[in-house]
Each structure stands twice: as C-alpha cells, then as structure tokens.
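I have placed the structure first, in the form of structure tokens, so that the comments after it can refer back to it.
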Amino acid sequence: MLNLRSNRIETITGLESLPSLQLLNLENNQLRELDPSRPLPRLRILRVSGNRLHELHARGFPHLRTLYADDNYLDGLVKVGGMTKLENLSLRNQRGRLLNVSVRNVRDVKRLYLSGNPLKAGFLDEPCYNLTYLELAGCRLASLPTNMAKLVPNLRILNLNYNFLEDVRPLHGLARLRKLTVIGSRLKGAKDVIRVLRGMPEAEIVDFRMNPCTLAWYVPLLYRKGSGGARGESEWAGMDGEFRRGLPTEVYTQRMLYRGQVMRVCGGLRELDGLQVLQKERDKAAMLLAGARQGPGR
262 MLNLRSNRIE
272 TITGLESLPS
282 LQLLNLENNQ
292 LRELDPSRPL
302 PRLRILRVSG
312 NRLHELHARG
322 FPHLRTLYAD
332 DNYLDGLVKV
342 GGMTKLENLS
352 LRNQRGRLLN
362 VSVRNVRDVK
372 RLYLSGNPLK
382 AGFLDEPCYN
392 LTYLELAGCR
402 LASLPTNMAK
412 LVPNLRILNL
422 NYNFLEDVRP
432 LHGLARLRKL
442 TVIGSRLKGA
452 KDVIRVLRGM
462 PEAEIVDFRM
472 NPCTLAWYVP
482 LLYRKGSGGA
492 RGESEWAGMD
502 GEFRRGLPTE
512 VYTQRMLYRG
522 QVMRVCGGLR
532 ELDGLQVLQK
542 ERDKAAMLLA
552 GARQGPGR
C-alpha cells in the first residue's frame with residue numbers, strides 16, 4: 262500500500278517501479294494527469310478523488326477492482342474497456358465538461374456512483390447484469406429508460422434523489438430492489454408510486470420525500486439540522502413527529518393511507534420516507550385501509 266493523500270502533489274512519476282503495489286491513495290492532491298509508463302499489474306484499488314485530473318488512462322491499471330475518482334475534471338475514461346476486472350467505479354461531481362460515460366465500457370461493474378454529474382438520458386445503453394448498486398443523485402435526469410428493468414435486472418440499491426423525474430413507471434419490474442430513494446423530484450401521483458412498488462417484493466427501504474405527491478405529509482428536509490447521517494435523520498424524525506401531530510385530520514389520514522398502502526405492497530419494509538416502520542403503525546394503517554374500503558361510495 263502507498264498512501265500519499267493530501268500532500269499537494271502536482272506530478273508523480275516512477276509508479277511503474279512498484280509492480281507489487283496493490284493499493285494507491287492519491288486523494289486530495291493537485292494531480293493533472295496519471296499515466297504510468299508501464300502497467301501496474303497487481304494494483305487493485307486506486308483512489309484519486311479531489312485532484313485536477315482531466316484524463317485517466319485505464320491502460321495503466323488492467324486489474325483494478327476499485328476506482329474512486331470523484332471531484333476531478335474528467336469527461337470520461339480513456340480506454341476503460343481494458344479494465345475488465347473493475348467492480349466499483351465512482352466518478353461523482355466532475356467539475357469539467359459533461360461527463361461522457363457509456364455503460365458499454367463498464368458493463369461488468371457491480372457498484373456505479375455517478376451523482377452530481379449531468380447525464381444524458383441514454384447513458385444506460387445496454388444491459389448491466391452484474392450491477393447491484395447505482396447512484397444517480399443530482400444528475401438532472403428528466404426521464405428514465407423505458408426498459409430499465411431489462412437493463413439492470415439485478416439491481417439492489419438505486420438512488421435517484423434530486424432529479425427532474427415525473428414518472429417512475431420505468432422502474433416497474435425491478436423485482437430485486439431492496440432500497441429505492443427518489444427524494445426531491447417531480448412525482449405528482451402517489452398511485453403511480455404504489456403501483457411500481459407492488460412489483461418490488463424485496464423492498465426494505467423506500468423514500469419519496471420532497472415530491473409533489475408527498476410534500477404535504479412530512480416536515481421538509483430543508484428543516485433538518487446537523488450534518489446528516491444517522492444523527493441528522495434522527496433529528497428529522499423528531500421534528501416530523503411534531504409536524505405530524507399538528508396536521509389537519511384529513512391530511513394526517515391521507516398520509517396514513519399512503520403509508521399503509523406502501524406497507525401492504527412491500528411486506529418486508531423497514532423504513533418508509535425516512536421513518537422506521539413499526540408494528541404499531543402497521544396495525545393502525547391496516548385499520549384505516551379497512552375502514553376506507555368499507556366507507557361510503559366504496
């Protein structure tokens with residue numbers, strides 16, 4: 262292992278003299294290029310996030326398993342097709358031109374992190390059967406591929422937060438999904454959300470906060486204090502408890518009916534819209550749903 266993190270390094274040479282190197286950490290330096298004169302055959306993990314890289318030549322790292330290159334100026338990877346062993350690829354928040362990534366070049370990866378980059382709607386252009394984790398938060402996506410379930414059939418975790426999506430129907434058929442977050446988009450109909458979730462029997466965590474269809478039911482995420490993470494979510498849940506107690510009866514009932522319907526179609530759900538799903542709430546929602554079915558005009 263060679264760790265040169267946070268040393269203000271502008272250039273680095275001689276890496277080819279370390280043929281046994283397996284992990285290289287060059288994060289938070291000032292590198293503009295990284296192109297060893299000979300391949301590093303045993304390198305498995307490369308961390309170059311927080312540099313000034315405009316290009317990254319994959320030919321130098323033929324057996325790489327993990328590449329973290331967030332916060333650079335990349336518009337793509339050069340000859341990435343040579344990285345046949347790559348499993349984890351993170352290219353978040355590139356500060357240069359439009360990131361040009363075709364999954365054709367990385368179709369065997371298991372985890373792909375592209376958040377913070379404007380992406381073309383057709384970037385997912387062929388099946389990725391190994392992909393289990395896909396992060397596309399803040400990618401300015403207005404639509405999704407209509408055949409998404411065929412493109413990523415084995416996906417377990419999908420993050421689509423803070424995009425411009427108005428339709429989640431393309432997610433129908435992602436039957437193996439366990440976690441789905443679509444916070445801060447433009448979804449207007451809770452019925453469409455529930456229809457899609459009906460085809461996700463393994464879902465454990467789903468989150469549709471800050472969409473038009475759920476906006477009235479929860480305290481806004483903008484009110485959340487702290488730095489995020491578990492503590493931030495706990496504080497938000499506490500504020501939402503106060504918010505919920507102040508809701509008009511009609512709005513509270515709508516919220517409970519929505520949550521109850523989601524719980525019914527996703528039997529293994531542990532967390533819904535940032536809140537733990539407890540048996541007490543399940544029972545109460547089930548009673549409300551039963552009453553709604555027996556009510557006038559039903």
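This note's numbering runs 261 ahead of the 1-based position in the sequence shown.
Glycine included, C-beta positions come from ideal geometry on N, C-alpha and C.
Item, Value
"Let me confirm a value: residue 442 is counted as buried when at least 16 other C-beta atoms fall within 10 Å, else exposed. Which label applies?", "buried"
"Does DSSP classify residue 486 as helix, strand or coil?", "Confidence in residue 486 is poor, its pLDDT being 47 and thus under 50, which makes the residue's placement too unreliable to answer from."
"I'd like the list of long-range same chain contacts for residue 516, defined as Cβ closer than 6 Å, with 5 residues on each side in sequence excluded.", "478"
"So for residue 544, helix, strand or coil by DSSP?", "helix"
"Would you verify that the beta carbon of residue 526 is, or is not, closer than 7 Å to some beta carbon of chain D?", "Given the protein chain composition of this structure (a single chain), no chain D is represented."
"On the premise that residue 431 lies in contact with residue 449, defined as a C-beta separation below 8 Å, what is that separation, rounded to the nearest angstrom?", "Incorrect: roughly 16 Å between the Cβ atoms, too far for contact."
"Return the chain-ordered ranges of every beta strand (DSSP E) run that is complete within the region 451 to 483 and spans a minimum of 3 residues.", "466 to 468"
"Flag this pair as yes or no: are the beta carbons of residue 390 and residue 418 separated by less than 7 Å?", "no"
"Count the other C-beta atoms from every protein chain shown that fall within 10 angstroms of the C-beta of residue 269, then say buried if there are 16 or more, exposed otherwise.", "exposed"
"Short of 6 Å in beta carbon distance, which residues of its chain neighbour residue 385, apart from the five on each side in sequence? Order them along the chain.", "364, 406 and 412"
"Provide the residue(s) that pair with residue 329 in DSSP beta bridges, ordered along the chain.", "308 and 351"
"May I ask you to report which of helix, strand or coil DSSP gives residue 420?", "strand"
"Within 10 angstroms of the Cβ of residue 274, are there 16 or more other Cβ atoms? Answer buried if so, exposed if not.", "exposed"
"So the candidates are 438, 514, 424 and 440; which of them puts its Cα closest to the Cα of residue 471?", "424"
"For residue 304 and residue 292, which I take to be in contact (beta-carbon distance under 8 Å), what is that distance rounded to the nearest angstrom?", "That pair is no contact at about 16 Å."
"Should residue 267 go down as buried or exposed, given a rule of 16 or more other Cβ atoms within 10 Å for buried?", "exposed"
"Grab me the residues of residue 498's own chain with a C-beta within less than 7 Å of its C-beta, minus the 5 sequence neighbours each way, in chain order.", "535 and 536"
"Should residue 271 go down as buried or exposed, given a rule of 16 or more other Cβ atoms within 10 Å for buried?", "exposed"
"Leaving out five residues on either side along the sequence, give the residues of the same chain with a beta carbon under 6 Å from the beta carbon of residue 369.", "391"
"Smallest Cα separation from residue 325: which of 348, 311 and 314?", "348"
"On a Cα-Cα basis, can you pick out the residue from 313, 433, 466 and 463 that is closest to residue 454?", "433"
"State the DSSP-derived secondary structure class of residue 366, mapped to helix, strand or coil.", "helix"
"Which residue from 437, 531 and 404 puts its Cα closest to that of residue 427?", "404"
"Just to confirm before moving on: does the CB-CB distance between residue 554 and residue 524 stay below 7 Å?", "no"
"So, for residue 451: in the same chain, excluding its five sequence neighbours on each side, which residues have a beta-carbon less than 6 Å away from its beta-carbon?", "474 and 519"
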